[in-house]
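First the structure, in the form of structure tokens, and then the observations on it.
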Amino acid sequence: MVLLTNNQNYLKEHHMAFKGFHHVAIRVKDIDAAVEQWTSQFGLELESRGENEALGIKQAWLKMPDGSYFEIVAPLNDESPIAKALEKNGEGLHAVSMNVEGVPQAREAMESKGVRFAGPFVHPKSSNGVLIGMTESD
């Protein structure tokens with residue numbers, strides 16, 4: 003069995019688009035209650051909170067010891083994609099964001115292998131039902 007870690011030679015030899023996890027987005031109805039739960043019960047550190055009107059979400063970023071994050075997201079209004087996802091699927095895993103060396107290059111490489119995209123995300127039909135985002139890493 004081969005374990006995939008941060009072995010850069012393996013990644014280059016096998017043309018791996020993903021270098022590691024950046025964050026996992028958790029969809030919730032009540033961001034305040036969720037932040038309290040994730041900080042008090044799981045001991046995560048709240049790094050920042052805010053609103054992204056363009057995406058229609060409230061966000062809280064909880065930092066993990068390894069530098070990755072949990073992003074807690076809640077809708078700003080009933081029309082936001084998060085509100086619609088909550089209505090359809092309830093609370094839970096919303097998306098996973100992966101570190102990549104270059105978003106355009108990673109997308110191009112994945113598209114050349116038949117991966118479908120929905121806007122900036124890997125379409126869940128191309129990834130066993132998981133919505134995947136990409137974050138440029140150093």
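When we follow this note's numbering, the leftmost residue of the sequence shown carries the number 3, and every step to the right adds one. C-beta atoms are modelled at their ideal positions from N, C-alpha and C, and glycine is treated no differently. Since this is a predicted model, take the numbers as computed values, not measurements.
About 6 Å separates the CB atoms of Asn79 and Gly58; that is less than 8 Å, so the two are in contact. Assigned with DSSP and collapsed to three states, Ser128 falls in helix. Arg109 carries a helical assignment under DSSP once its states are collapsed to helix, strand and coil. Contact between Ala27 and His96 is confirmed by a C-beta separation of about 4 Å, below the 8 Å threshold.
Taken in chain order, the complete alpha helix (DSSP H) segments of 4 residues or longer contained in the segment 11 to 61 are 33 to 42.
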